[in-house]
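Heads up, the thing below is written out as structure tokens.
There are 4 protein chains.
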Amino acid sequence: MSAVADLRRTVAELHRELTRYELVIWTAGNVSARVPGQDLMVIKPSGVSYDELTPERMVVTDLHGNLVEGDYAPSSDTAAHAYVYRHMPEVGGVVHTHSPYATAWAARGEPIPCVLTMIADEFGGEIPVGPFALIGDDSIGRGIVETLSASRSKAVLMRNHGPFTVGKDARAAVKAAVMLEDVARTVHFAHQLGKPIPIEQHHVDSLYERYQNVYGQ
Amino acid sequence: MSAVADLRRTVAELHRELTRYELVIWTAGNVSARVPGQDLMVIKPSGVSYDELTPERMVVTDLHGNLVEGDYAPSSDTAAHAYVYRHMPEVGGVVHTHSPYATAWAARGEPIPCVLTMIADEFGGEIPVGPFALIGDDSIGRGIVETLSASRSKAVLMRNHGPFTVGKDARAAVKAAVMLEDVARTVHFAHQLGKPIPIEQHHVDSLYERYQNVYGQ
Amino acid sequence: MSAVADLRRTVAELHRELTRYELVIWTAGNVSARVPGQDLMVIKPSGVSYDELTPERMVVTDLHGNLVEGDYAPSSDTAAHAYVYRHMPEVGGVVHTHSPYATAWAARGEPIPCVLTMIADEFGGEIPVGPFALIGDDSIGRGIVETLSASRSKAVLMRNHGPFTVGKDARAAVKAAVMLEDVARTVHFAHQLGKPIPIEQHHVDSLYERYQNVYGQ
Amino acid sequence: MSAVADLRRTVAELHRELTRYELVIWTAGNVSARVPGQDLMVIKPSGVSYDELTPERMVVTDLHGNLVEGDYAPSSDTAAHAYVYRHMPEVGGVVHTHSPYATAWAARGEPIPCVLTMIADEFGGEIPVGPFALIGDDSIGRGIVETLSASRSKAVLMRNHGPFTVGKDARAAVKAAVMLEDVARTVHFAHQLGKPIPIEQHHVDSLYERYQNVYGQ
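Protein chains in written order, with this note's numbering: chain A, 1 to 217; chain B, 1 to 217; chain C, 1 to 217; chain D, 1 to 217.
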């Protein structure tokens, strides 16, 4: 069970990136990680504040959101995370926030256009909007999966709600959440005083290609 | 007198959430808590900076704002808090800030429309505007109580002044103040570049119902 | 010389409020204090970063800006501070920043209208704009003094430049600088989505009267 | 090799100014320094987060970006930094960020007009836009050098990408990056509610002249 212990620590620590970059307030955002090779995930407990998130307080559920291990109820967004893991086997981490600039695009139901090299690098094109969906069944999860499946983007703006991001692991999903809010904000600013200049599609493609394959160590 | 001692500590600590989320500057905001079962409240002293707020420096007054215990004069907003406790027996905590986005809506006298699931969850509909009222008598308290009584919202935007929030205890009122500024900001952003999409009333109702009854531990 | 030693410490510490509230970047802002009963002032050294401001590094000048005591050259804004002390005997502290929202109003040459109770409380009416003035002689100081003399405001927005605030001591001037940026921001937000509602002049007067005479300990 | 050891420490520490002033997120920005008298530069490693930047992890390359010393691959922006050092012998430091307000101007391809004394002081006029350029060859470096060569500005806004700044050393380039974002933001705010008042050219010239020659210790 040492993979789970490691992920409890990783997931607890990654929540600090959400507060550091001011993507969340109070308890309103969560990170999860798939347990590799098992039908399990590690996720934030519901309604527990970020200061009090320890590895021990993380919750382990199966991929239908049923509690497997932990002293707390899992995040109220667990069903959406679980749906993503069931339907996107390449995804190892999911993040949900209500980060303000991304959520403002989501409130208008407008995708974020690809007008920055950073968007091309990380998201490979515009960042799409998912449907309005109520919490309580698989509606949110299905909206995330259907929207992401039709895009290169690792981020989806769920309408009137907020963003979900995915990644090969929890750290990659958190990175996508951080970069999403950053570009949502910069493109917001750009639009406030006029129109950003589009980037030609072939440039978007070559930026995306390079960043996915060359960047980093 | 141990309930009072506990509340002195709680109220002192909760002020840190106001500075953490940048809802207040200098000394311009305050938290109070009703002492359960007694006609007393614990509130911030007037004009004391947040760094210097210790449990000992908190002030105890009766529910007409008269000093009962403490070395400092109570907050200049004490009369408003006291009025709320006298007229809303279900309220155990009151918070007042001048958080910038909420106050901008208040300056225009415009309610914040319910265009985010987070607003439906926490506030149950649009966040209403209260009347312009001068400090010095019961005008502010009466404006708060009359406005909140006509709404499911725990927050009211006092015109040209700033928000007041209430809760079953001081922590819940602080949570409402934090979430209010967050949604005031996101909806502000959404309006800057167009129009947010409304959420249908029956969805607002079901989100509010669920969040009030299911969320958290 | 113990009054000077005290003021060195006070002035060094007050600069931390400028960074805490993000009113300044790098070395671009300064606090000074008049030495009571002497024709001296204590001011920030020029081009020294806020992390390195110790009481020992503060500079003492006469009220024409000539170095009296200290190992560093005084702030490049010393002449403006000195002019204010020479011409406004009731002023004991002066603060200069380029805080972004206040400076944006200054860049347009527009006063901040009195549409918040906090503006009425602290500034007694609209916050006025001073003339464009070059550094190097008494132009800035004269612009500050002439503008403040025609107003109840403790803050002036120097055109295309940034704000100066004054107070009975350095702490009061810093408080005014903090509140100025807060209201400059909130009124900016209010204007972005429409028009704030004006506050009637007799209400402004009674708010100002009360705050100046009753608030605090 | 002690100059290199010093610069490793300096460059590592200067990255903290990028996070302090929120000019960068995750790993998306970098500082470099020329090694005086040698055809070498010290630069951030690629894809390493700011918390983990130690002097030892800095990378030394030649002025064509080839690794000379270090355990990590150099920043993916190394080619651009190296090009600047090869073609601008007076430059001792280069900084690249995607700071949000500056990048918003870059996304629209609009220079920042010189409407603040701080812009005249530090940049000597409007802050120019460089061409759209793909990463992978000398296009970015050439765009920076050509744009800066036609201006007094130490900052260039690379179109759809973000700013680069230069200075006589790494600290001066970081200072320019910090001031750039500050003025990009303030002028953004000023434009949101109207038009800033221009500063006459002869005033710009005299402000620039004075600041470059008189300011600081």
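C-beta atoms are modelled at their ideal positions from N, C-alpha and C, and glycine is treated no differently.
All values reported here derive from a predicted model rather than from experimental measurement.
### Query
Which chain A residues are close to H203 of chain B, counting only those with a beta carbon under 7 angstroms from its beta carbon?
Start at 1 with the first residue of the second sequence, and residue 203 of chain B comes out as number 203. Result: L134.
### Query
Using Cβ-Cβ distances below 7 angstroms, what residues of the segment 23 to 53 of chain D are close to chain C?
none
### Query
Taking just the CA atoms, how far does S46 of chain A sit from T10 of chain A?
Translated into the one-based positions of the first sequence, residue 10 of chain A becomes position 10. Translated into the one-based positions of the first sequence, residue 46 of chain A becomes position 46. Cα to Cα, the separation comes out at about 18 angstroms.
### Message
Assuming the contact rule is C-beta atoms closer than 8 angstroms, F223 of chain C and Y101 of chain B should be a hit. Round their C-beta distance to whole Å, please.
### Response
Outside the displayed range of chain C (1 to 217) lies residue 223 of chain C, so it cannot be described from this structure.
### Message
DSSP three-state label for R34 of chain B, please.
### Response
Here the question's residue 34 of chain B lines up with position 34 in the second sequence. Reduced to three states, the DSSP call for R34 of chain B is strand.
#### Entry: Proximity to V84 of chain A [Cα-Cα], best of A:M58, A:I43, A:V166, A:K195
On the first sequence, position 84 is the one that residue 84 of chain A refers to. Nearest of A:M58, A:I43, A:V166, A:K195 to V84 of chain A, Cα basis: A:V166.
### Query
For E22 of chain B, which residues from the same chain have a beta carbon less than 6 angstroms from its beta carbon, with the 5 sequence-adjacent residues on both sides left out?
As a working mapping, residue 22 of chain B is identified with position 22 in the second sequence. Cβ neighbours of E22 of chain B beyond the five flanking positions: none.
#### Entry: Through-space distance from R185 of chain C to T78 of chain A, alpha-carbon basis
Counting from one through the first sequence, the residue named residue 78 of chain A turns up at place 78. Counting from one through the third sequence, the residue named residue 185 of chain C turns up at place 185. Each residue's alpha carbon lies about 38 angstroms from the other.
### Query
What are the start and end residues of the beta strand (DSSP E) that includes P163 of chain A?
On the first sequence, residue 163 of chain A is found 163 positions in, with the first residue counted as 1. Taken as a continuous stretch (DSSP letters only), the beta strand (DSSP E) holding P163 of chain A covers 162 to 167.
### Query
How is V24 of chain A classed by DSSP in three states: helix, strand or coil?
Here residue 24 of chain A corresponds to residue number 24 of the first sequence, with the count starting at 1. Of the three classes helix, strand and coil, the one that applies to V24 of chain A here is coil, per DSSP.
### Message
Using the three-state DSSP reduction, which class does T54 of chain A fall into: helix, strand or coil?
### Response
Within the first sequence, residue 54 of chain A is the residue found at index 54, counting from 1. The answer is coil: DSSP assigns T54 of chain A none of H, G, I, E or B.
### Task
List the residues of chain D whose Cβ lies closer than 9 angstroms to the Cβ of Q192 of chain A, in chain order.
On the first sequence, position 192 is the one that residue 192 of chain A refers to. Result: A104, H188, H191, Q192.
### Message
Nearest by alpha-carbon distance to P55 of chain B: which of B:A12, B:L134, B:H96 is it?
### Response
In the second sequence, residue 55 of chain B corresponds to position 55, counting from 1. The residue with the shortest Cα to Cα distance from P55 of chain B is B:A12.
### Message
Between the segment 86 to 101 of chain B and the segment 170 to 187 of chain B, can you find at least three pairs of beta-carbon atoms closer than 8 angstroms?
### Response
yes
### Task
Starting from the beta carbon of Y83 of chain B, find every residue of chain A whose beta carbon is closer than 9 angstroms, and list them in chain order.
Locating residue 83 of chain B in the second sequence gives position 83, counting from the first residue. Per Cβ cutoff of 9 angstroms: no residues; Y83 of chain B is ~27 angstroms from chain A at best.
### Beta-ladder partner(s) of V129 of chain D, from DSSP
The residue labelled residue 129 of chain D in the question sits at position 129 within the fourth sequence. DSSP output for V129 of chain D lists D:L157 as bridge partner(s).
### Task
Measuring only between beta-carbons, confirm whether Y211 of chain C sits less than 8 angstroms from chain D.
In the third sequence, counting from the first residue as 1, residue 211 of chain C sits at position 211. Not closer than 8 angstroms to any Cβ of chain D, the Cβ of Y211 of chain C fails to qualify, so no.
### H64 of chain C burial status per 10 Å Cβ neighbour count (16 or more: buried)
The residue you call residue 64 of chain C lines up with position 64 of the third sequence. It is exposed - the Cβ of H64 of chain C has fewer than 16 other Cβ atoms within 10 Å.
### Query
What in chain A is Cβ-close to R9 of chain B, meaning under 8 angstroms?
To locate residue 9 of chain B, count along the second sequence from 1; it is residue 9. Neighbours of R9 of chain B on chain A: none; closest Cβ ~16 angstroms, over 8 angstroms.
### Contact with chain A by G109 of chain D, beta-carbon distance below 8 angstroms
Taking the fourth sequence and counting its residues from 1, the one referred to as residue 109 of chain D is at position 109. Chain A, which has a Cβ nearer than 8 angstroms to the Cβ of G109 of chain D, makes this yes.
### Message
Using DSSP's beta-bridge definition, name the partner residues of E69 of chain B.
### Response
Counting from one through the second sequence, the residue named residue 69 of chain B turns up at place 69. Bridge partners of E69 of chain B: B:V60.
### Message
Can you tell me whether P111 of chain C is helix, strand or coil according to DSSP?
### Response
In the third sequence, residue 111 of chain C corresponds to position 111, counting from 1. Note: P111 of chain C maps to coil in three-state DSSP.
### Message
Whole angstroms are fine: how far does the CA of T27 of chain B sit from the CA of V48 of chain B?
### Response
Mapped onto the second sequence, residue 48 of chain B falls at position 48. Mapped onto the second sequence, residue 27 of chain B falls at position 27. Each residue's Cα considered, the two are about 6 angstroms apart.
### Query
Would you call the CB atoms of S149 of chain A and G125 of chain A closer than 8 angstroms?
For the purposes of this step, residue 149 of chain A is identified with residue 149 of the first sequence, where counting begins at 1. For the purposes of this step, residue 125 of chain A is identified with residue 125 of the first sequence, where counting begins at 1. In this structure, G125 of chain A does not lie closer than 8 angstroms to S149 of chain A by Cβ.
### Query
Which one or two residues does DSSP pair with P74 of chain A in a beta bridge?
As a position in the first sequence, residue 74 of chain A is number 74, starting the count at 1. Per DSSP, A:P45.
### Query
A173 of chain C and V68 of chain C: beta carbons closer than 8 angstroms?
Residue mapping note: residue 173 of chain C aligns to position 173 of the third sequence, counting from 1. Residue mapping note: residue 68 of chain C aligns to position 68 of the third sequence, counting from 1. No, the Cβ-Cβ distance between A173 of chain C and V68 of chain C is not below 8 angstroms.
### Query
Closest by CA to H161 of chain D, which one among A:A120, A:A107, A:F132?
Locating residue 161 of chain D in the fourth sequence gives position 161, where the first residue counts as 1. That would be A:A120, whose Cα lies nearest to the Cα of H161 of chain D.
### Query
Would N160 of chain A count as contacting chain E if we go by Cβ distances under 8 angstroms?
The chain labelled as chain E is not found among the protein chains of the depicted structure, namely A, B, C and D.
### Query
Checking contacts by CB at 8 angstroms: is P100 of chain B closer than that to chain A?
Indexing the second sequence from 1 puts residue 100 of chain B at position 100. Not an interface residue.
### Task
Could you round the C-beta distance between Y50 of chain B and H15 of chain B to whole angstroms and report it? I think they count as a contact, below 8 angstroms.
Residue mapping note: residue 50 of chain B aligns to position 50 of the second sequence, counting from 1. Residue mapping note: residue 15 of chain B aligns to position 15 of the second sequence, counting from 1. Confirmed, about 6 angstroms.
### Cβ-Cβ separation, I112 of chain B to G130 of chain B (assumed contact under 8 angstroms), whole Å
Position 130 of the second sequence, counted from the first residue, corresponds to residue 130 of chain B. Position 112 of the second sequence, counted from the first residue, corresponds to residue 112 of chain B. Contact flag wrong, Cβ pair sits at about 13 angstroms.
### Message
Contact defined as beta carbons within less than 8 angstroms: I believe S35 of chain D pairs with R8 of chain D. What is the distance between those atoms, to the nearest angstrom?
### Response
Counting from one through the fourth sequence, the residue named residue 35 of chain D turns up at place 35. Counting from one through the fourth sequence, the residue named residue 8 of chain D turns up at place 8. Checking the sequence shown, residue 35 of chain D turns out to be Val, not Ser. Actually they are not in contact, since the Cβ atoms of V35 of chain D and R8 of chain D sit about 10 angstroms apart, beyond 8 angstroms.
### Per DSSP, the bridge partner or partners of L148 of chain C
Within the third sequence, the letter at position 148 stands for residue 148 of chain C. L148 of chain C is not bridged to any residue.
### Whether A155 of chain C touches F123 of chain C by CB criterion (8 angstroms)
The residue you call residue 155 of chain C lines up with position 155 of the third sequence. The residue you call residue 123 of chain C lines up with position 123 of the third sequence. A contact, by the Cβ cut-off of 8 angstroms.
### Task
Could you tell me whether any non-hydrogen atom of the ligand COA is closer than 7 angstroms to the CB of P111 of chain D?
As far as ligands go, the structure on display features none, and thus does not contain the ligand COA.
### Cβ neighbours of K44 of chain A in the same chain (closer than 6 angstroms, five flanking residues each side left out)
Residue 44 of chain A sits at position 44 when you count from the first residue of the first sequence. Cβ within range, chain order: N30, S75.
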